[in-house]
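So the structure is just underneath, and the comments pick up after that.
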Amino acid sequence: MIWKTAWNNVWRNKVRSLVVIASVTVGIFAGVFSIALMNGLIAQRINDALNDEISDIQINCKDFRINNDPQLVIKNSEAVLSEINSVSGVTDISERTIITGMANTASKSAGVQIIGIDPDKEKKVFTLYNKVMPGTGDYFEKDSKLNLALIGQELAKDLNIIRYSVDSSAIARLREKGLSEKLISKLDPIAGKKFSNEKQFIKEMKSLFSKAEEMKYGLLIRKEAWSFREGARMTLTFLDKDNNQVGAVFRLTGLYDMANSMFEKSSVFIKNSDLKKLIGMNEKDFHQIVVKISDVDQTDEIADKLAQKLPDLEVTTWKKISPDLAMMTDMVSQFYLIFGIIILAALAFGIINTMLMVVLERTKELGMLTAIGMNKKKVFSMIMLESVFLSLIGAVIGMIVSYILIRITGNTGINLAQAAEGFEALGYSAIVYPKISAGFFGIVTILIIITGILSSIYPAVKALKLNPVEAIRAE
Amino acid sequence: MKILEINNVSKIYNESEVQVNAVNGVTLDFQEAEFAAIVGPSGSGKTTLLNLIGGLDNPTSGEIIIDGTNLSKLKSSELIDFRMRNIGFVFQAYNLIPVLTAKENVEFIMNLQKWSKKDRDERTFELLKAVGLFDRANSRPTKLSGGQQQRIAVARALASRPKFVLADEPTANLDSKSASTLLEIMEKLNHEEKITFIFSTHDARVVKMAHRVITLEDGKVVSDDIRE
Numbered sequence: 025m026i027w028k029t030a031w032n033n034v035w036r037n038k039v040r041s042l043v044v045i046a047s048v049t050v051g052i053f054a055g056v057f058s059i060a061l062m063n064g065l066i067a068q069r070i071n072d073a074l075n076d077e078i079s080d081i082q083i084n085c086k087d088f089r090i091n092n093d094p095q096l097v098i099k100n101s102e103a104v105l106s107e108i109n110s111v112s113g114v115t116d117i118s119e120r121t122i123i124t125g126m127a128n129t130a131s132k133s134a135g136v137q138i139i140g141i142d143p144d145k146e147k148k149v150f151t152l153y154n155k156v157m158p159g160t161g162d163y164f165e166k167d168s169k170l171n172l173a174l175i176g177q178e179l180a181k182d183l184n185i186i187r188y189s190v191d192s193s194a195i196a197r198l199r200e201k202g203l204s205e206k207l208i209s210k211l212d213p214i215a216g217k218k219f220s221n222e223k224q225f226i227k228e229m230k231s232l233f234s235k236a237e238e239m240k241y242g243l244l245i246r247k248e249a250w251s252f253r254e255g256a257r258m259t260l261t262f263l264d265k266d267n268n269q270v271g272a273v274f275r276l277t278g279l280y281d282m283a284n285s286m287f288e289k290s291s292v293f294i295k296n297s298d299l300k301k302l303i304g305m306n307e308k309d310f311h312q313i314v315v316k317i318s319d320v321d322q323t324d325e326i327a328d329k330l331a332q333k334l335p336d337l338e339v340t341t342w343k344k345i346s347p348d349l350a351m352m353t354d355m356v357s358q359f360y361l362i363f364g365i366i367i368l369a370a371l372a373f374g375i376i377n378t379m380l381m382v383v384l385e386r387t388k389e390l391g392m393l394t395a396i397g398m399n400k401k402k403v404f405s406m407i408m409l410e411s412v413f414l415s416l417i418g419a420v421i422g423m424i425v426s427y428i429l430i431r432i433t434g435n436t437g438i439n440l441a442q443a444a445e446g447f448e449a450l451g452y453s454a455i456v457y458p459k460i461s462a463g464f465f466g467i468v469t470i471l472i473i474i475t476g477i478l479s480s481i482y483p484a485v486k487a488l489k490l491n492p493v494e495a496i497r498a499e
Numbered sequence: 027m028k029i030l031e032i033n034n035v036s037k038i039y040n041e042s043e044v045q046v047n048a049v050n051g052v053t054l055d056f057q058e059a060e061f062a063a064i065v066g067p068s069g070s071g072k073t074t075l076l077n078l079i080g081g082l083d084n085p086t087s088g089e090i091i092i093d094g095t096n097l098s099k100l101k102s103s104e105l106i107d108f109r110m111r112n113i114g115f116v117f118q119a120y121n122l123i124p125v126l127t128a129k130e131n132v133e134f135i136m137n138l139q140k141w142s143k144k145d146r147d148e149r150t151f152e153l154l155k156a157v158g159l160f161d162r163a164n165s166r167p168t169k170l171s172g173g174q175q176q177r178i179a180v181a182r183a184l185a186s187r188p189k190f191v192l193a194d195e196p197t198a199n200l201d202s203k204s205a206s207t208l209l210e211i212m213e214k215l216n217h218e219e220k221i222t223f224i225f226s227t228h229d230a231r232v233v234k235m236a237h238r239v240i241t242l243e244d245g246k247v248v249s250d251d252i253r254e
């Protein structure tokens, strides 16, 4: 009877209850969806970092990571590789030669890290081969007498390898993608003109379009005006093993595009064999071995086993290589807790306010209930249940809405194109796929019930303090 | 059989440095199945006396003993439980629970006392029939007239077979026809269920039907007229 009375009481003042329920719904939706969004961002960042940038475990000579000294090589690599392969959980490995140098074109140069790889082995450890931009070439697929290099789109922009031109084919593509004739006509002053770098092109666009137009269509126009000459070349200069400066011309086998623009600007991939020849390094020596494992949760255990087997080398896990990622995974639950507490506290004040009004309005009735023999425990329970019902209805609706939207956007992704540059500068993709575990909804349900109970305490205590004689007399 | 003893009970209120003797040295006994009215002018202490008898208020001095239990010896939680099991209340403003149906209002106290569903249903339908509202069992109070609501309140007060029912001006808000119907029902139930009814009232019709009329003035009993 107490449950039924409490439930019916929720609907006595429908408008007021619906306002509270709506606020709880919005609060829960905002909280759950924001957390799902952050989960998606973090999962994508970690996934990208492990699959494209650093892998699960790296093995180097001690001090190589600090000094980047090309003399610090892993010798007798066959024995080392065999030791690594003997550890269970290791699925794939790839050897790398790493030096720092300069990438140069006729007009620009940039400091880069040159990574020598075996493309076939790398494919098993990293997914970079999937990130080669369509129309720019391939991932070391074609044989060439020239040295080949794979560079990031951002480095290509810095080196003026990418150009921008609003030619007739770009206009046709823009028209196909729905750009209005009015906007296309605004591009007339720069039709056929070639821009050797992105900054100049953006500057020109800003002079032709309003801020709103530029915000809305700038990215599309840039994308369609983008041009890259397949087979473009650049030179790489660096020091060989005897500290003599050497350099060579490299033909670009393709451009890669990934979420991390810093990585794109600084990482140039060439073949191990080409690099070793240029710096005079022994064919069987390497600077680094990257290791892929079957279960990322086993990283520390496998790294410990590798360290035991290779005491002269440094075995480093992704958490140590990229402490920001490790911190994110460790801190995120604490952040969610604080975030959740803030949202629930805000909701609690709304519920307390409503329940205080309820007690005030029902003074006479509560007095009557006490008079006819409803004890304090039951009065308290009734007020508490009303508060929990109010909270829980809103929470359930909020969670259902969140679940549906997370399912939809988890498949389609949310394109934050307007903030793409900022996101990519930090290593995050502009397309976010929100995700959340089913267990999280259980936690939210428990937390909202606790919030409902806590919010009812003060109003319920007020109700218990009512003197039945005075309460019955109240108007 | 004596079910209620009021021994030299006084209630003094301190209102802005002035002491008000709302009830002043009242001594009364009530027997089983009495149909008694407490009358008197406004401010004579009728409602205060009823509140004291019902354990809703504490006397300043004296004692109230219901079926051998001295109310002043009970703790607050024991007193609430005692009220639930021994005293029925009918209020001037009906005071039904608006979100429950007539049937649910009647069985509310039986629910608090954890009666079985079968017993609850039997008693509820018996009382709804007795007050002539069996066909309105599923109506909420807002769908009932004032007289019908007060009849449901009487059924609720009697539901758990209390020792006595305290009714504070039960006909004050009713038209004469509804008041007559209500009084007839209460008298019938008093007779059939052997439950004592104690009214505070100004209503001459109640006084006329009462078997005993106690008159209060300035908190004191000035007459106690038992009729045959």
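Those protein sequence lines, which keep their order, are chains B and W.
Read left to right, the first sequence gives residues 25 to 499 (my numbering).
Read left to right, the second sequence gives residues 27 to 254 (my numbering).
Here a beta-carbon is modelled for each residue, glycine too, at the ideal position from N, C-alpha and C.
As the structure is a prediction and not an experimental result, all values here were calculated from the model.
Assigned secondary structure, T49 of chain B (DSSP; H/G/I helix, E/B strand, else coil): helix
Please identify, using Cβ separations under 9 Å, the residues of the segment 398-421 of chain B that lie next to chain W, in order along the chain. M398, N399, K400, K401, K402
Whole-angstrom distance between R253 of chain W and T222 of chain W, CA atom to CA atom: 15 Å
So if DSSP puts F150 of chain B in a beta bridge, which residue, or which two residues, is it bridged to? According to DSSP, F150 of chain B bridges with nothing at all.
Taking buried to mean at least 16 other C-beta atoms within 10 Å of its own C-beta, is A230 of chain W buried or exposed? exposed
Identify whether F134 of chain W lies in helix, strand or coil by the three-state DSSP scheme. Here F134 of chain W sits in helix by DSSP.
Segments assigned beta strand (DSSP E), at least 3 residues, entirely inside the segment 167-220 of chain B: 171-176, 186-189
Beta carbon proximity, S103 of chain W to chain B, threshold 9 Å: yes
Quick one: complete beta strand (DSSP E) runs, 3+ long, within the segment 212-249 of chain W? 222-226, 238-243
According to the Cβ coordinates, are L65 of chain B and V456 of chain B closer than 9 Å? yes
Give a yes or no on contact between the segment 238-254 of chain W and the segment 212-221 of chain W, applying the rule of three or more CB pairs nearer than 8 Å. no
Just checking my contact of A183 of chain W with V116 of chain W at CB under 8 Å: how many whole Å lie between their CB atoms? 5 Å
Would the segment 101-114 of chain B count as touching the segment 320-331 of chain B if we require 3 or more Cβ pairs under 8 Å? yes
Can you pull the chain B residues whose beta carbon is under 8 Å from the beta carbon of R187 of chain W, in chain order? Correct list: empty, because the minimum Cβ distance to chain B is about 13 Å.
Can you confirm whether E41 of chain W, when its beta carbon is compared against all beta carbons of chain B, has any partner nearer than 9 Å? no
Please name the residues in the segment 60-91 of chain W whose beta-carbon is closer than 8 Å to at least one beta-carbon of chain B, in chain order. Under the 8 Å Cβ criterion, the segment 60-91 of chain W contributes N77, G80, L82, D83.
Could you pull the start and end residues of the beta strand (DSSP E) that A134 of chain B belongs to? 133-141
Looking at the structure shown, is Q174 of chain W part of a helix, part of a strand, or coil, going by DSSP? helix
Given a cut-off of 9 Å, decide if L30 of chain W and L54 of chain W are closer than it, judged by their beta-carbon atoms. With contacts defined by Cβ atoms closer than 9 Å, L54 of chain W and L30 of chain W form a contacting pair.
Residue-level contact to chain B via CB, D147 of chain W, 9 Å cutoff: no
Best match in B:L105, B:P158, B:S168, B:S133 for proximity to K145 of chain B [C-alpha to C-alpha]: B:L105
Interface residues of chain B facing F134 of chain W [CB-CB closer than 7 Å]: Going along chain B in sequence order, the residues near F134 of chain W (Cβ under 7 Å) are M25.
For S87 of chain B, is the classification buried or exposed, using 16 other Cβ atoms within 10 angstroms of its Cβ as the cut-off for buried? The residue asked about is misnamed: residue 87 of chain B is Asp in this sequence, not Ser. With fewer than 16 Cβ atoms within 10 Å of its Cβ, D87 of chain B is classed as exposed.
Taking the alpha carbon of A419 of chain B as the point to measure from, which residue in B:V56, B:V34, B:M25 has its own alpha carbon closest? Closest by alpha carbon: B:V56.
Taking C-alpha atoms, which residue in B:A369, B:R386, B:I473, B:G374 lies nearest to F413 of chain B? B:I473
In the segment 480-496 of chain B, which residues sit with their C-beta less than 7 Å from some C-beta in chain W, listed in chain order? P492, V493, I496
Complete alpha helix (DSSP H) runs within the segment 398-441 of chain B (minimum length 4 residues, chain order): 400-436
For A283 of chain B, the residue or residues it bridges with in DSSP: Looking at the DSSP assignment, A283 of chain B forms no beta bridge with any residue, so it has no partner.
Pick from B:A60, B:V44, B:V39, B:K38 that is closest to F359 of chain B, judged by C-alpha positions: The shortest Cα separation from F359 of chain B among B:A60, B:V44, B:V39, B:K38 belongs to B:A60.
Looking only at its own chain, which residues have a Cβ that is under 6 Å from the Cβ of F465 of chain B, when we skip the five neighbours before and after it? So the list reads M423, once near-sequence residues are dropped.
For Y188 of chain B, count neighbouring C-beta atoms within 10 Å of its own C-beta (all shown protein chains included) and say buried if the count is 16 or more, exposed if not. buried
Which value, in whole angstroms, describes the spacing of the CA atoms of N439 of chain B and K240 of chain B? Going by the C-alpha atoms only, they are around 13 Å apart.
N128 of chain B versus L260 of chain B - alpha carbon distance: 6 Å
Are three or more beta carbon pairs between the segment 218-233 of chain B and the segment 136-153 of chain B nearer than 8 Å? The segment 218-233 of chain B vs the segment 136-153 of chain B: no contact.
Using a Cβ-Cβ cutoff of less than 7 Å, which residues in the same chain neighbour M352 of chain B once the five nearest sequence positions on both sides are dropped? Cβ neighbours of M352 of chain B beyond the five flanking positions: I66.
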